[in-house]
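Residues 1 to 978 (my numbering) make up the sequence shown, in order.
Note that the Cβ used here is the ideal one computed from N, Cα and C, for glycine as well.
What you are looking at is a predicted structure, and each value in this text was computed from that prediction instead of being measured.
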Amino acid sequence: MNDENGNLVLDVLHKATSQDTETLRSAEKQLKVWESEPGFYTVLMSVFSNKGVEVKIRWQAILYLKNGVDRYWRRLSPGAIKDEEKAKIKQMLLENFHEPINQLAIQLAVVIGKIARLDCPKQWPELLPALMDAIRTVNDELRQQRILLSLYQVVKCLSSRRLAHDRKVFEELTNGIFQFMLDLWTGQMNQFDEYLTGNNLQRAHLMLEYAHLTLKVLRKLVVYGFKNPGDCDSVNLFIQLCICGIENLLAKGNIFSDSADASELCKKVLILYSKILLDMLAYHSEMYILYINSSLELVYKLCFSGSFVATNFERFNVNLLNLMKSILCNESYRPQSLQRSETDEVALTAHQAIKSAMTTQVLSKVFQALVTNYLPLSITDLELWESDPEDYVNEEGGSSYKYNIKPCVECLFAALFKEFAPIITPILIGMVRENGELCDPADISSVLKKDALYHAVGLAAYDIYEEVDFDKWLQERLLNEFTNTHPNYRVVKRRVLWLIGMWISVKLSVSMRPVVYQTIFKMLHESEDVVVRLEAAFTLRAAVDDFEFTYKEFSTYMEPSFHLLFNLLTAVESCDSKMQVLQVMSLVIERTGSHIAPHCQILIHYLPQLWQQSEEHNMLQSAIITTLTGLVNGLASECVLLDSLVIPVIQLSTDLNRDAHVYLLEDGLLLWQAVLYNRVAGDETILQLFTALPPLLDMSSENLRICLKIVEAYSLLCGQLLISTYGNILVDCFCNLVTDLKSEGLVLVLKAVELFFKLYSRASAQLFKNLIVSWVVPSILDGETYPMVMSLYLSIISRVTLEDRNLLFTYIADYSQLNNKQQIEVMSEFLQMWFEKLDCVSHSERRKVCALGIATLIPTELGTTEIGLDPMVNACVQVMHDVCTKVSSNGNLQITDTVVLDVPEKKGAPADELDNNHEKRKHEMSLKDPVFHIHLHSFVWDRLKDLCNIVGEEKFRQLIASIDSDISSQLQDFMVQI
Numbered sequence: 001m002n003d004e005n006g007n008l009v010l011d012v013l014h015k016a017t018s019q020d021t022e023t024l025r026s027a028e029k030q031l032k033v034w035e036s037e038p039g040f041y042t043v044l045m046s047v048f049s050n051k052g053v054e055v056k057i058r059w060q061a062i063l064y065l066k067n068g069v070d071r072y073w074r075r076l077s078p079g080a081i082k083d084e085e086k087a088k089i090k091q092m093l094l095e096n097f098h099e100p101i102n103q104l105a106i107q108l109a110v111v112i113g114k115i116a117r118l119d120c121p122k123q124w125p126e127l128l129p130a131l132m133d134a135i136r137t138v139n140d141e142l143r144q145q146r147i148l149l150s151l152y153q154v155v156k157c158l159s160s161r162r163l164a165h166d167r168k169v170f171e172e173l174t175n176g177i178f179q180f181m182l183d184l185w186t187g188q189m190n191q192f193d194e195y196l197t198g199n200n201l202q203r204a205h206l207m208l209e210y211a212h213l214t215l216k217v218l219r220k221l222v223v224y225g226f227k228n229p230g231d232c233d234s235v236n237l238f239i240q241l242c243i244c245g246i247e248n249l250l251a252k253g254n255i256f257s258d259s260a261d262a263s264e265l266c267k268k269v270l271i272l273y274s275k276i277l278l279d280m281l282a283y284h285s286e287m288y289i290l291y292i293n294s295s296l297e298l299v300y301k302l303c304f305s306g307s308f309v310a311t312n313f314e315r316f317n318v319n320l321l322n323l324m325k326s327i328l329c330n331e332s333y334r335p336q337s338l339q340r341s342e343t344d345e346v347a348l349t350a351h352q353a354i355k356s357a358m359t360t361q362v363l364s365k366v367f368q369a370l371v372t373n374y375l376p377l378s379i380t381d382l383e384l385w386e387s388d389p390e391d392y393v394n395e396e397g398g399s400s401y402k403y404n405i406k407p408c409v410e411c412l413f414a415a416l417f418k419e420f421a422p423i424i425t426p427i428l429i430g431m432v433r434e435n436g437e438l439c440d441p442a443d444i445s446s447v448l449k450k451d452a453l454y455h456a457v458g459l460a461a462y463d464i465y466e467e468v469d470f471d472k473w474l475q476e477r478l479l480n481e482f483t484n485t486h487p488n489y490r491v492v493k494r495r496v497l498w499l500i501g502m503w504i505s506v507k508l509s510v511s512m513r514p515v516v517y518q519t520i521f522k523m524l525h526e527s528e529d530v531v532v533r534l535e536a537a538f539t540l541r542a543a544v545d546d547f548e549f550t551y552k553e554f555s556t557y558m559e560p561s562f563h564l565l566f567n568l569l570t571a572v573e574s575c576d577s578k579m580q581v582l583q584v585m586s587l588v589i590e591r592t593g594s595h596i597a598p599h600c601q602i603l604i605h606y607l608p609q610l611w612q613q614s615e616e617h618n619m620l621q622s623a624i625i626t627t628l629t630g631l632v633n634g635l636a637s638e639c640v641l642l643d644s645l646v647i648p649v650i651q652l653s654t655d656l657n658r659d660a661h662v663y664l665l666e667d668g669l670l671l672w673q674a675v676l677y678n679r680v681a682g683d684e685t686i687l688q689l690f691t692a693l694p695p696l697l698d699m700s701s702e703n704l705r706i707c708l709k710i711v712e713a714y715s716l717l718c719g720q721l722l723i724s725t726y727g728n729i730l731v732d733c734f735c736n737l738v739t740d741l742k743s744e745g746l747v748l749v750l751k752a753v754e755l756f757f758k759l760y761s762r763a764s765a766q767l768f769k770n771l772i773v774s775w776v777v778p779s780i781l782d783g784e785t786y787p788m789v790m791s792l793y794l795s796i797i798s799r800v801t802l803e804d805r806n807l808l809f810t811y812i813a814d815y816s817q818l819n820n821k822q823q824i825e826v827m828s829e830f831l832q833m834w835f836e837k838l839d840c841v842s843h844s845e846r847r848k849v850c851a852l853g854i855a856t857l858i859p860t861e862l863g864t865t866e867i868g869l870d871p872m873v874n875a876c877v878q879v880m881h882d883v884c885t886k887v888s889s890n891g892n893l894q895i896t897d898t899v900v901l902d903v904p905e906k907k908g909a910p911a912d913e914l915d916n917n918h919e920k921r922k923h924e925m926s927l928k929d930p931v932f933h934i935h936l937h938s939f940v941w942d943r944l945k946d947l948c949n950i951v952g953e954e955k956f957r958q959l960i961a962s963i964d965s966d967i968s969s970q971l972q973d974f975m976v977q978i
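The structure is reproduced here in structure tokens:
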């Protein structure tokens, strides 16, 4: 493509701005085809450079160029832009600093920055010299502004590179241009002051705009361009100028009160000043020690002395308060946490600077200002509460301390208590005593003051609990706050509920919990304000989630809790509010366990309606599924009552052909697992759900573990029905899985297979024949190196052999035939590997089953040879040492198999004390498992007797004599009791 194609590209770009869907789609398709065509981006740059072209078309051109740089500028990218075209584009970029449209100029600067990040300085060495020369020589104001804009994007992109070499390059760049940029900025600020003095506001505005851009460049240079910025006098001067510049600009900013644009620019510069201080503190805390005092004094003066109020300029105030908080919380300023003496000296200097700035008088004023000026609800808060109470609750809960005043103040409050608790605590206690009486509800300022005070007490709960008798305060003062019915007093009611929630886990006696529950349920009543009711629900969540919560003390409140929470759930309208109430209900269900059964009818009735209403709200559906899971676990065997809702929910959330699975799959699988765990017996309805599982298994995703847990649950619940209906499908899934999984995933699959063999050995031997022949046998022969995997392979083979040794011979024969090998040789190699890898099996039950499997082979042709019998007996004796104990009683030696469940204390908890039906089924399986009722030493003796009967006593003695003498002696020790 060349310039002759310009008109064609121009036409397609014009179509790309069309409102017609078909035209737009056609244009985008064509542009996509051209993306990797040589010369395309040069043509785009030509279109952009032509000022006669419509702005919207030029906008499309620069956007496609920007995207092309991301995709095709790197040399190794498929369809990469050629070096010749790159050079031409770079030249054209540097010729466009006279762009009159600001938004286009910004995009142009972004493109230059992106290319600089990839090519500068090696492939584009002339860029920075060209920009710096242009700044020095260009007198045209528009061009200078555009050049500064481009320089900022270049510096921003270069500073984002984090490799050691790239950081060194950026440090060299900084050393070369920092002083010039600092001089440029100070000159611009001086001119700004001169224009203000001469009342030339238009020129002052323009100069401040230039200074703002230069300051943005300086921020990146000073934060990322110096390894030790404290050693540079220019950096120290710059930080001092930033601190002084804040006060200077605040003093002069009112001059622009009539110009919204100029006022906004002043705010941007102030925010940038504060960001520079925050960044230097975060990245260069050691050098910032010099500015701790002046920074804290600045924050105190602007935020707490009364000359500057929070509501005037919230974002700037947030940064200043965070600056104070960051200084107080900086770990490198804590002498006790450091070990090296030189670092400790630095920390001690910082600590002393903080103490000198934060005097008792300053702390008192700061603390009182936080409580009286910053913590009270604002007019905006009250208006939002009135107009959209649910949005008010949700917005308050999601705020970030970096951007919002309330969470920022709370963080500073916590930092002050952490550092100066002995000084601040008496102040807070005194404020509480002074404002202990009920306030006039008609006086909203008094109401807000009390709200802020209670807010402070809640935030400081862990710091002042030794100074406050919360039980007494709750009984004598706080409970009285709920008696006032004035509309304004909802603010105090809601705050007291929040306060109780904060103190529940700190200092609330068991005897006071019933009083708290009664208060919560009173405030959950539908006559109360929605915000108060929601806060009551959150307080209930805190009470129920507390470590000391017991069902006994809560039992009398179960019925009202679900009734009131249900009413609140139906009353709130937003998805977020419903989710939060559902989460409270889920927690109550979880904490009360099986006691939930008599009280869940209301939920069983309502949840289907809520599910229908939530079709377009996936997060709400997720919360409903979580609640259902809790209900299923609570109802236990009675969970069939929920089938009409639970079954469709599981089907929806696990169907990969439905979009909902993206959001609901994980929760749906947990619900499915809970249903299987609590079910008494399987049926066709439950079995039909299994059709969703093979596709999920094929995904081999992060949900593989729970999917296999579900398979295991099915095998225990209705395994025979599962084998007959879906057995072949399941085996195919497993055969596909084992070829793709790493060792950790393979262990999960093999554990599921092992469980089938524990439950249905003969049926499983036939079902999993292909898997064993094609995967297990060759893996054992290859000497699988991951111990847990080999352990499971041997366990499965041993259970097959224990069930019927002829099955093992069949597997080996089939494998030999498939691989054109001699069966005898394969069997010999197989047994050798079995004996060799027995040490990989560490689990005592699996070691024993391996020994049982090996012992089963003793009375066969394999055991009739001297070579075969010795390793078999050796392996069995090894395991007997692990699982058998020798105890002398009355002169008689007793041999006991420790794995056998022959006494009550070994059999574990009674079935009716286990958590759910799944655990009961596992317990019952253990009682039937031959590993737990066959005595290994007796079993080995019986197999040796079988061998004797087959070969005769004389041959048997010869075979026994051929066994290693030490092994033979140890064997006889274990047989002494028999």
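Return the bridge partner residues of Leu893 from the DSSP annotation.
Answer is Ser888, bridged to Leu893.
Cβ pair Phe482, Met512 closer than 8 Å
Contact flag unset, no.
Taking the alpha-carbon positions, what's the Gln339 to Tyr333 distance?
Below a pLDDT of 50, predicted positions are generally treated as unreliable, and Gln339, at 49, falls in that range; the measurement from the model is reported next regardless. Roughly 13 Å separates the two Cα atoms.
How is Glu467 classed by DSSP in three states: helix, strand or coil?
The DSSP-derived three-state label of Glu467 is coil.
Determine whether the beta carbon atoms of Thr654 and Leu669 lie at a separation below 8 Å.
Cβ atoms of Thr654 and Leu669: closer than 8 Å.
With a Cβ-Cβ cutoff of 8 Å, do Asn892 and Asp964 count as a contact?
Between Asn892 and Asp964, the C-beta gap is not smaller than 8 Å, which leaves the two residues out of contact.
Let me confirm a value: Pro100 is counted as buried when at least 16 other C-beta atoms fall within 10 Å, else exposed. Which label applies?
When all chains shown are included, Pro100 counts as exposed.
Specify, as a first and last residue, the run of the alpha helix (DSSP H) that Ile89 falls within.
Segment 83-93, the alpha helix (DSSP H) holding Ile89.
Whose CA, out of Ile89, Ser18, Leu10, lies closest to the CA of Gly52?
Nearest option by C-alpha distance: Leu10.
Contacts around Asp20, its chain only, beta-carbon distance under 6 Å, and the 5 residues preceding and following it disregarded:
Nothing listed; no residue qualifies.
According to DSSP, simplified to helix, strand and coil, what is Ile858?
Three-state result, Ile858: coil.
Sequence-distant residues of its chain with Cβ nearer than 7 Å to Lys450 (five each side left out):
Correct list, in chain order: Asn435, Cys439, Val492.
Beta-carbon separation of Leu182 and Val154 under 8 Å?
No; because the gap between Cβ atoms is not below 8 Å, this pair is not in contact.
Between Ser150 and Leu163, is the Cβ-Cβ spacing less than 8 Å?
No, the Cβ-Cβ distance between Ser150 and Leu163 is not below 8 Å.
Could you tell me the alpha carbon to alpha carbon distance between Ile960 and Thr801, rounded to whole angstroms?
Distance between the alpha carbons of Ile960 and Thr801 is about 23 Å.
Say whether the segment 226-238 touches the segment 203-213, bearing in mind that this needs 3 or more beta-carbon pairs closer than 8 Å, one atom from each stretch.
Contact check between the segment 226-238 and the segment 203-213: fewer than three CB pairs, one atom from each, fall below 8 Å, which does not count as touching.
Looking at the C-beta of Arg494, does it have a partner C-beta in chain D at a distance below 8 Å?
Absent from the structure is chain D; it holds one protein chain and no more.
Rank Leu363, Val877, Pro694 by C-alpha distance to the C-alpha of Ala421 and give the top, closest one.
Nearest C-alpha to Ala421 among Leu363, Val877, Pro694: Leu363.
Which runs of the alpha helix (DSSP H) at least 4 residues long sit entirely within the segment 672-748? Give them in chain order.
Fully contained in the segment 672-748 are the following alpha helix (DSSP H) runs of length 4 or more, in chain order: 684-688, 693-699, 704-740.
Where do the ends of the alpha helix (DSSP H) carrying Tyr551 lie?
Per DSSP, Tyr551 is one residue of the alpha helix (DSSP H) stretching across 551-554.
Quick check: the Cα distance between Asp870 and Ala636, rounded to an integer number of angstroms?
Near 53 Å, if we compare the C-alpha coordinates of Ala636 and Asp870.
Residue interval of the alpha helix (DSSP H) (run including Asn806):
Start and end: 805-818.
Could you tell me which of Leu453, Met324, Met358, Asp391 sits nearest to Asn373, measuring between CA atoms?
Ranked by Cα distance from Asn373, the options Leu453, Met324, Met358, Asp391 are led by Leu453.
Of the residues Ser715, Glu666, Ala660, Ala681, which one's Cα is nearest the Cα of Cys639?
For Cys639, the nearest C-alpha among the options comes from Ala681.
Quick check: the Cα distance between Ala415 and Lys325, rounded to an integer number of angstroms?
C-alpha separation (whole angstroms): 6 Å.
Could you tell me the alpha carbon to alpha carbon distance between Asn916 and Asn678, rounded to whole angstroms?
For Asn916 and Asn678, the distance between alpha carbons rounds to 6 Å.
Give the single residue among Ile772, Ile246, Lys227 whose Cα lies nearest to the Cα of Leu320.
Nearest Cα to Leu320 within the set Ile772, Ile246, Lys227: Ile246.
Quick check: the Cα distance between Thr550 and Tyr557, rounded to an integer number of angstroms?
Computed Cα separation, rounded: 12 Å.
Is there contact between the segment 495-504 and the segment 348-357, where contact requires at least three CB pairs shorter than 8 Å?
As far as the Cβ criterion goes, the segment 495-504 does not touch the segment 348-357, which means the pair count is below three.
Thinking C-alpha only, which one of Gly253, Leu587, Ile706 is nearest Trp672?
The shortest Cα separation from Trp672 among Gly253, Leu587, Ile706 belongs to Ile706.
According to DSSP, is Ser18 helix, strand or coil?
Assignment of Ser18 by DSSP, reduced to helix, strand and coil, places it in the coil class.
Cutoff 7 Å; reference Ser337; Cβ partners in own chain excluding five residues on either side:
With a pLDDT of 49 at Ser337, under the threshold of 50, the modelled position of that residue is not reliable, and the figure given next carries that caveat. So the list reads Glu331, once near-sequence residues are dropped.
Contact between the segment 75-93 and the segment 23-33 is defined here as three or more beta-carbon pairs at a separation below 8 Å; is this criterion met?
Output reads no: the segment 23-33 does not touch the segment 75-93.
Take Val530 and list the residues in its own chain whose beta-carbon comes closer than 6 Å to its own, dropping the five residues that flank it on each side.
Answer for Val530: Pro389, listed in chain order.
For Glu754, I'd like the list of residues in its chain whose CB is within less than 8 Å of its CB, leaving aside the five on either flank, ordered along the chain.
Leaving aside the five residues that flank Glu754 on each side, the residues in its chain whose CB is nearer than 8 Å to its CB run, in chain order, Leu792, Ser795, Ile796, Arg799.
Beta-carbon proximity list for Ile504, same chain, < 6 Å, skipping 5 on both sides:
The answer, listed in chain order, is Ala542, Ala543, Asp546.
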